[in-house]
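Engineer:
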Amino acid sequence: MKHNLAEIEARILHEISEASTNDELERVRIKYLGKKGEISALLKHIGNLSPEQRPELGAAVNTLRNKVTHRIAQRKDELDTQALEESLRRDTIDVSLPGEVFEVGGLHPLTKSLREIISILSSMGFTVYESREAETDEMNFVKLNVPHGHPARDMQETFYLTDNALMRTHTSPGQIRGMLAMDGRLPVRFIVPGRVYRRDQTDASHHPVFHQVEGLAIHVDVTVKQLRGVISALMNRFFGQEVTVRLRPSYFPFTEPSCEVDISCVFCKGDGCSVCGGSGYLEVAGAGMVHPQVLRNGGYDPDEVSGFAFGFGLDRLAMLKHGIDDIRLLYGNDKRFLSQFRGI
Ligand code: PHE
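The sequence shown lines up with residues 1000 to 1343 when you count with this note's numbering.
Below is the structure:
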């Protein structure tokens, strides 16, 4: 029997060494160590032996089983290492091949300008209120003192979605929605940036979609002086200290008094050039003191509080800042144009 075991051991170890894949090795394992395997059969056989014979043979078969188990694990390591080395040899990487080129993107000049304006105005306590682009006629016009049939609608008729819904023509309806969201609390100090839509002709300075940054401040005793202060600080920080601000009387139905905001021309510094049409000034916003009825429409009592509002043309600001002479460039998605702003 002992002699037999040595022979069996030699045969098994030989078969293990001969196994050249993990599958083959597994077959060998099952053949000997599996439930119906030869070694398992030997172990069972021991049960039939006489008590004197049992210990010696039992120990021998156990030793054999341990040896085989150990050798199979060892062979598996060898095969794995071989397979790895082979795949490394096969899957070589040619490091001299040209790599894939990933273009570096950048922020759009409008996004950059808006972020700058938000950062300046937030340092003065303004938060950002994001209103909606599709508006009701009520919010876009009526609540801003522009009833049906009012002549101010002519300048701003836009894209109607239904009889009562339209793409907003300005960010001013955000004044009403923002006020209502404040629920009568003070102070009110927020801006409403975003896209607006007008059925304009398209040329170097007009586009049916453009951007505004609305501003609204309400508190007890808010004055024109504060409006001027905030606008001047914004313009000076955005364009530079040499820029001066002029408020020119104007008319908007939702402010009283109303004005246009002009800045000294950033190109000729006020001497007069082709960009400013010789006037030395550039119009950048509409503004004014919030009309009492608009305050009421937003849930505020005009006898107790006052406010100012402004609406900047963001595209205009970005164009002046970067010397862009055609608004259509901002909407053309031409990488030759956009890539110029990557690093700025
Ligand atoms: N909503 C006006 C426009 O689009 C601008 C404006 C905003 C004027 C706020 C006064 C106050 O022309």
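Ideal placement from N, C-alpha and C gives every residue a C-beta, glycine not left out. Bear in mind the structure is a predicted one, so any value in this text is a computation, not a measurement.
Whole angstroms is fine: what's the gap from G1183's alpha carbon to F1101's?
Structural biologist: Their backbone Cα atoms lie some 51 Å apart in a straight line.
Engineer: Please state the DSSP three-state secondary structure of P1291.
Structural biologist: Here P1291 sits in helix by DSSP.
Engineer: Within its chain, find whatever has a CB closer than 8 Å to the CB of V1219; leave out the 5 residues flanking it on each side and keep chain order.
Structural biologist: Excluding positions up to five away in sequence, the list reads L1185, E1303, V1304 and S1305.
Engineer: Say yes only if the C-beta of S1171 is nearer than 8 Å to one or more non-hydrogen atoms of the ligand PHE, and no if none qualify.
Structural biologist: Yes, Cβ of S1171 sits closer than 8 Å to a heavy atom of the ligand PHE.
Engineer: Are the stretch 1334-1343 and the stretch 1101-1110 in contact at 8 Å, needing three or more beta carbon pairs?
Structural biologist: Contact holds: three or more Cβ-Cβ distances are below 8 Å.
Engineer: What's the call for M1138, buried or exposed, on a 16-neighbour Cβ count within 10 Å?
Structural biologist: By the 10 Å Cβ count, M1138 comes out buried.
Engineer: Is M1154 buried or exposed, if buried means 16 or more other CB atoms sit within 10 Å of its CB?
Structural biologist: Counting Cβ neighbours within 10 Å, M1154 comes out exposed, since fewer than 16 surround it.
Engineer: Please determine whether the Cβ atom of A1286 lies at a distance below 8 Å from any heavy atom of the ligand PHE.
Structural biologist: Yes; taking the cut-off as 8 Å, the Cβ of A1286 has a heavy atom of the ligand PHE nearer than that.
Engineer: Tell me which same chain residues have a C-beta within less than 7 Å of the C-beta of R1315, skipping the five on either side of it?
Structural biologist: Result list for R1315: V1283, in chain order.
Engineer: Counting only runs that start and end within the stretch 1056-1141, where is the alpha helix (DSSP H) found for 4 or more residues in a row?
Structural biologist: Whole alpha helix (DSSP H) segments, 4+ residues: 1108-1121 and 1136-1139.
Engineer: Helix, strand or coil: which one does DSSP assign to H1044?
Structural biologist: Of the three classes helix, strand and coil, the one that applies to H1044 here is helix, per DSSP.
Engineer: Alpha carbon to alpha carbon, how far is F1209 from R1088?
Structural biologist: One C-alpha to the other measures close to 59 Å.
Engineer: Run through the DSSP bridge pairs and tell me what T1254 is partnered with.
Structural biologist: DSSP output for T1254 lists F1251 and V1289 as bridge partner(s).
Engineer: For T1068, which option in E1259, M1123 and L1012 has the closest C-alpha, if you only look at C-alpha atoms?
Structural biologist: Among E1259, M1123 and L1012, the Cα nearest to that of T1068 belongs to L1012.
Engineer: Which of the three DSSP states, helix, strand or coil, is assigned to H1218?
Structural biologist: Strand at H1218.
Engineer: Identify whether P1054 lies in helix, strand or coil by the three-state DSSP scheme.
Structural biologist: Helix at P1054.
Engineer: Cβ atoms of I1217 and L1294: under 9 Å apart, would you say?
Structural biologist: Yes.
Engineer: Write down the C-beta distance between V1265 and F1238 rounded to the nearest angstrom, noting that I regard them as a contact closer than 8 Å.
Structural biologist: Yes, V1265 and F1238 are in contact; Cβ-Cβ is about 6 Å, under 8 Å.
Engineer: Can you find a heavy atom of the ligand PHE that lies under 8 Å from the Cβ of V1244?
Structural biologist: No; taking the cut-off as 8 Å, the Cβ of V1244 has no heavy atom of the ligand PHE nearer than that.
Engineer: Excluding sequence positions up to five away, which residues of its chain have a Cβ less than 7 Å from the Cβ of E1156?
Structural biologist: Result list for E1156: R1198, in chain order.
Engineer: Between which two residues does the alpha helix (DSSP H) containing L1319 stretch?
Structural biologist: That run of the alpha helix (DSSP H) goes L1313 to H1321.
Engineer: Based on the DSSP output, what are the partners of Q1211 in its beta bridges?
Structural biologist: Answer is G1193 and G1312.
Engineer: What do you reckon, is the C-beta of G1310 under 8 Å from a heavy atom of the ligand PHE?
Structural biologist: G1310: yes, Cβ under 8 Å from the ligand PHE.
Engineer: Considering only residues of the same chain and omitting the five flanking positions on each side of C1267, which have a CB-CB separation below 8 Å?
Structural biologist: Cβ neighbours of C1267 beyond the five flanking positions: V1274, C1275 and G1279.
Engineer: Starting from A1164, trace the beta strand (DSSP E) in both directions and tell me its first and last residue.
Structural biologist: It spans A1164 to M1166 - the beta strand (DSSP E) in which A1164 sits, taken as one unbroken run.
Engineer: With respect to 8 Å, is the separation between the Cβ of Q1174 and the closest non-hydrogen atom of the ligand COA below this value?
Structural biologist: This structure does not include the ligand COA; its bound ligands are the ligand PHE.
Engineer: Could you tell me which of F1307, T1126 and Y1031 sits nearest to K1066, measuring between CA atoms?
Structural biologist: For the residues F1307, T1126 and Y1031, the minimum Cα distance to K1066 belongs to Y1031.
Engineer: Taking the CB atoms as reference points, tell me whether E1129 and V1191 lie closer together than 9 Å.
Structural biologist: Cβ distance < 9 Å, so E1129 and V1191 count as in contact.
Engineer: Taking the continuous alpha helix (DSSP H) assigned at N1031, which residues delimit it?
Structural biologist: Going by the sequence as given, residue 1031 is Tyr instead of Asn. Where Y1031 is concerned, the enclosing alpha helix (DSSP H) stretches over N1021 to L1032.
Engineer: Report the residue from P1248, R1026, E1132 and F1307 whose alpha carbon sits nearest the alpha carbon of V1223.
Structural biologist: With distances taken between Cα atoms, V1223 lies closest to F1307.
Engineer: How about V1060 and L1041: are their beta carbons less than 9 Å apart?
Structural biologist: Yes, these two residues count as a Cβ contact at 9 Å.
Engineer: Who are I1262's beta bridge partners in DSSP?
Structural biologist: Note: I1262 sits in a beta bridge opposite V1244 and L1281.
Engineer: Measuring from the CB of T1168, is there a heavy atom of the ligand PHE at a distance below 8 Å?
Structural biologist: Because some heavy atom of the ligand PHE lies under 8 Å away, the Cβ of T1168 counts as near it: yes.
Engineer: Go ahead and label G1342 buried or exposed: buried means 16 or more other beta carbons lie within 10 angstroms of its beta carbon, across all protein chains shown.
Structural biologist: G1342 comes out exposed.
Engineer: How should E1134 be labelled, buried or exposed, when 16 other C-beta atoms within 10 angstroms of its C-beta is the threshold for buried?
Structural biologist: Under this definition E1134 is a buried residue.
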